[in-house]
Amino acid sequence: MVGDVRQSIRPGEGVWVSGAVEICSKYKHDQRTSTGSPPLPRGKNLRAIGRYCYNTKIVILINSSSKNALGIFQPFLPISVPMGVGYIAAYLNEQGIKCDIVDEQVEHDPLQKIDELLVNSEKPYIFGFSVLTATFKNALELARELKKKYPQSLIVFGGVHPTAMPDEVLSYDFVDVVVKGEGETVIKEVYECLKTKRTIYHIDSISYRKDGKIVHNKPSGIIPDIDKLPPFPYHLFADNPEYDLGFVMSSRGCPYDCIFCSNRVTTKKGYRYRSTEKVVEDIALLHEKYGMSKVSFFDDNFLVNKDRIFRLTSEIKRRGLHKKIEFAFQGRGDNTTEELMKELHETGFTNVFFGIETASNRLLKLVKKGETIEEIVQAVEMSNRLGFHVSATFIFALPTETHQDRMDSLKLSKELDIDMVRYNNATPYPGTELYQIALKENRLNVQGLYDNFISVSTFIENPFNKTPFTYVPEDNTEAEIRKDLLFSYLSFYFDFRKLKLIFLSPEKGPSWFDAHGGKISKFIRKLPALFILGAMLTIKYMDLFTSIMLHYHTSIRRRDFFNIFRDFILGFGPDRGRC
Ligand code: B12
Ligand code: SF4
Numbered sequence: 000m001v002g003d004v005r006q007s008i009r010p011g012e013g014v015w016v017s018g019a020v021e022i023c024s025k026y027k028h029d030q031r032t033s034t035g036s037p038p039l040p041r042g043k044n045l046r047a048i049g050r051y052c053y054n055t056k057i058v059i060l061i062n063s064s065s066k067n068a069l070g071i072f073q074p075f076l077p078i079s080v081p082m083g084v085g086y087i088a089a090y091l092n093e094q095g096i097k098c099d100i101v102d103e104q105v106e107h108d109p110l111q112k113i114d115e116l117l118v119n120s121e122k123p124y125i126f127g128f129s130v131l132t133a134t135f136k137n138a139l140e141l142a143r144e145l146k147k148k149y150p151q152s153l154i155v156f157g158g159v160h161p162t163a164m165p166d167e168v169l170s171y172d173f174v175d176v177v178v179k180g181e182g183e184t185v186i187k188e189v190y191e192c193l194k195t196k197r198t199i200y201h202i203d204s205i206s207y208r209k210d211g212k213i214v215h216n217k218p219s220g221i222i223p224d225i226d227k228l229p230p231f232p233y234h235l236f237a238d239n240p241e242y243d244l245g246f247v248m249s250s251r252g253c254p255y256d257c258i259f260c261s262n263r264v265t266t267k268k269g270y271r272y273r274s275t276e277k278v279v280e281d282i283a284l285l286h287e288k289y290g291m292s293k294v295s296f297f298d299d300n301f302l303v304n305k306d307r308i309f310r311l312t313s314e315i316k317r318r319g320l321h322k323k324i325e326f327a328f329q330g331r332g333d334n335t336t337e338e339l340m341k342e343l344h345e346t347g348f349t350n351v352f353f354g355i356e357t358a359s360n361r362l363l364k365l366v367k368k369g370e371t372i373e374e375i376v377q378a379v380e381m382s383n384r385l386g387f388h389v390s391a392t393f394i395f396a397l398p399t400e401t402h403q404d405r406m407d408s409l410k411l412s413k414e415l416d417i418d419m420v421r422y423n424n425a426t427p428y429p430g431t432e433l434y435q436i437a438l439k440e441n442r443l444n445v446q447g448l449y450d451n452f453i454s455v456s457t458f459i460e461n462p463f464n465k466t467p468f469t470y471v472p473e474d475n476t477e478a479e480i481r482k483d484l485l486f487s488y489l490s491f492y493f494d495f496r497k498l499k500l501i502f503l504s505p506e507k508g509p510s511w512f513d514a515h516g517g518k519i520s521k522f523i524r525k526l527p528a529l530f531i532l533g534a535m536l537t538i539k540y541m542d543l544f545t546s547i548m549l550h551y552h553t554s555i556r557r558r559d560f561f562n563i564f565r566d567f568i569l570g571f572g573p574d575r576g577r578c
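This is the structure we're talking about:
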């Protein structure tokens, strides 16, 4: 009756069949009694999506992490609450579906944690992985182990990477289903079908294997009214002091077309925002219940709708929260106006982050940023004038970019007097237009399972084992871009005021480098890592120095290199006290 079934079936209990099998007799009974959804095909090779013959009760959501990817830098990065699994858990809980969260960022042994959670739980289980490109490898490793240990479980992958690459993900036979796009309602449907012993083949927005082939169901579209979703479940993460709870998400989606950005892979272009009341409720909760005095808006693009921002600021003021909390947000230069920025600053929005990307209008056009450098400069200058702490990112190695373009970006970042800057190397994330360009130009370099998809690799890599770039534009070399990146960091940060900011007030920045973690005990624990980091950077900068002196693999001029030190010394002059 049953072929390669890996676990015996006991009455009242089901089994997840993931081999070449036939349908178990209990399933045949279920098929008769099932309602609504299409019946399972019979007697076929059921490898892949398999068959359920029981009640599914348990959903475990796993936030995959790339914790080893950032190497020695990892201890300096704050741990963010995994929002994707958080939102899904909130939705499932609201629907009365029990689920647990396992976050690889904070779980030293996720497998053991899962074992503990499953003691006395009813089988089988849904393991729902939240996956980014950088975390894909870790997710696969854990999924493989889980499938081995719990062969009757259903392994579901969701998030940006699986949404962009469902075929690739399903080429691993231990992954059963990919949920594409926003997953709240889809995972609920999957759960309910399995629980009521129906097939899941009809569910929109999923991909799966059937009869040896990968099937992609049509997308169900974005969730039109995100206000109907339950609020973020901060309480699920509040017990772990490692998390920084100070964030809020007030919108989803972004109407722009930047070719390097994978935000829209899951959220699409439809810009949706939550009601003012609900957002301010979250903020009040963070302050009143969790004692937060700093809250970051994690929206892709916060300023898209000005009317809603004015409504938000007036409600924050009405509740007196502007006197208790400092806010950070990320926006576009062309979305700012003096009136808007002034209002935001008066409401406690003290930190603004701009993705400037490049100083070249030609490149801004090429990457479809949809704004000009003049608009960005105006916005940054206005923010400085109003007293904002300004952070920004630039992207190096965009298609057709030259060394001079990069040096212009560096010059602009210094002229604009930005407080914190990150220079990233262009990374063609799957699902973006940049990925397609890199593929078409035959310049996409994927190492292993996206091991090199780290846009800050130059800074964190081992100097003796460099991380190859994912993309190097024509007429450039990787060595040259790497040196331009290191030079830019040195030129920007070798400045008394900036160094003081990083080491003494990391909270004023966009929290990408937290040297001491706020506590002396934490700082001491980080000392060995800090030492190794320092040694690695010394080696990198010695190598840069040698290259510049010998004009080897770089077009950086010696004079420009020495000017950095001249400026540093001059920086100790009259202006030293600023900050
Ligand atoms: C806020 C943010 C951060 C924050 C916090 C992230 C966090 N803890 O959640 C910080 C600053 C820490 C961060 C860091 C990084 N980020 Co980030 N981040 C974002 C941002 C703007 C919002 C993410 C978010 O929470 N959205 C809200 C939730 C609800 O959406 P979601 O996670 O996508 O989840 C939904 C669906 O994807 C799906 N889903 C997700 N998981 C699952 C699981 C299952 C089982 C199911 C069914 C469905 C499902 O349903 C969810 C609910 O609708 C996104 C852009 C974006 N819009 O996605 C970039 C983004 C996710 N980040 C990105 C990157 C690259 C990074 C970094 C690697 C940056 C770097 N320096 O290289 C790091 C490392 C992250 C890591 N954990 O490894 C990329 C990912 C690209 C890719 N293909 O992987 C994005 C898309 C931005 C971009 N550059 O285009 N990030
Ligand atoms: S980079 Fe910013 S503006 Fe551009 S598409 Fe992404 S979120 Fe939108």
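Going by numbering that gives the first Met the number 0, the letters in the sequence shown line up with residues 0 to 578, in that order.
Ideal Cβ placement from N, Cα and C applies to all residues, glycine included.
| Query | Result |
| --- | --- |
| Consider the C-beta atom of residue 354 and the heavy atoms of the ligand SF4; say whether any pair is separated by less than 7 Å. | yes |
| Judging by CA-CA distance, which residue of 339, 284, 353 is the nearest neighbour of residue 320? | 284 |
| Please confirm whether any heavy atom of the ligand SF4 lies closer than 7 Å to the CB of residue 333. | no |
| Any chance the region 445–462 sits against the region 402–419, with 3 or more Cβ pairs inside 8 Å? | no |
| Would you say residue 175 touches the ligand B12, meaning its beta carbon is less than 7 Å from a heavy atom? | no |
| Can you tell which of 212, 350, 117 has the C-alpha that lies nearest to the C-alpha of residue 152? | 117 |
| Is the Cβ-Cβ distance between residue 361 and residue 392 less than 8 Å? | no |
| Compute the distance between the beta-carbons of residue 543 and residue 495, then report whether it is under 8 Å. | no |
| Within this structure, are the beta carbons of residue 346 and residue 315 separated by less than 8 Å? | yes |
| Does DSSP put residue 237 in a helix, in a strand, or in coil? | coil |
| Identify, in the order they occur along the chain, each residue of the same chain with its Cβ nearer than 8 Å to the Cβ of residue 279, setting aside the five sequence neighbours on each side. | 311, 314, 315, 318, 320 |
| Name, in chain order, the residues that DSSP records as bridge partners for residue 356. | 393 |
| Mind checking residue 527: buried by the 16 CB within 10 Å criterion, or exposed? | exposed |
| From 132, 569, 478, 535, pick the residue whose C-alpha is nearest to that of residue 555; which is it? | 478 |
| What does the alpha-carbon distance come out to for the pair residue 224 and residue 177? | 23 Å |
| Report all residues from its chain with a CB closer than 6 Å to the CB of residue 199; omit the five preceding and five following residues, and keep chain order. | 189, 192 |
| Using only the heavy atoms of the ligand B12, determine whether one of them is closer than 7 Å to the beta carbon of residue 81. | yes |
| With DSSP as the reference, label residue 192 as helix, strand or coil. | helix |
| Looking at the unbroken beta strand (DSSP E) that takes in residue 62, where does it start and where does it end? | 57–62 |
| For residue 432, report the span of its alpha helix (DSSP H) as first-last. | 432–439 |
| Using CA coordinates, which residue listed in 557, 435, 355, 270 is at the minimum distance from residue 580? | Residue 580 lies beyond the range of the chain shown here (0 to 578); nothing can be said about it. |
| Grab the span of the beta strand (DSSP E) containing residue 400 for me, first residue to last. | First-last for residue 400: undefined, no H or E at that position. |
| Going by DSSP, which residues form a beta bridge with residue 84? | The partner list for residue 84 (beta bridge, DSSP) is empty, contrary to what the question assumes. |
| Report yes or no: do the region 423–430 and the region 392–403 share at least 3 C-beta pairs separated by less than 8 Å? | yes |
| Pick out whichever of 144, 471, 113 has its Cα sitting closest to the Cα of residue 437. | 471 |
| With a floor of 3 residues, list each beta strand (DSSP E) that falls wholly inside the region 128–202, ordered by position along the chain. | 153–157, 176–178 |
| Is the closest heavy atom of the ligand B12 to the C-beta of residue 265 under 7 Å? | yes |
| Given residue 342, which residues of its chain have a CB within under 6 Å of its CB, disregarding the five upstream and five downstream residues? | 312 |
| Given a threshold of 16 other Cβ atoms within 10 Å of its Cβ, counted over all protein chains shown, does residue 431 qualify as buried or as exposed? | buried |
| Is residue 326 near residue 348, with beta carbons less than 8 Å apart? | yes |
| Below 8 Å between beta carbons: does that hold for residue 270 and residue 247? | no |
| Could you give the DSSP three-state label for residue 328: helix, strand or coil? | strand |
| Which residues bound the beta strand (DSSP E) around residue 107? | Segment: none, residue 107 is in no beta strand (DSSP E) and carries neither H nor E. |
| So for residue 221, helix, strand or coil by DSSP? | coil |
| Going by DSSP, what residue range makes up the beta strand (DSSP E) through residue 470? | Note, residue 470: premise wrong, no beta strand (DSSP E); not H, not E. |
| Would you list the residues sitting across from residue 98 in a DSSP beta bridge? | 58 |
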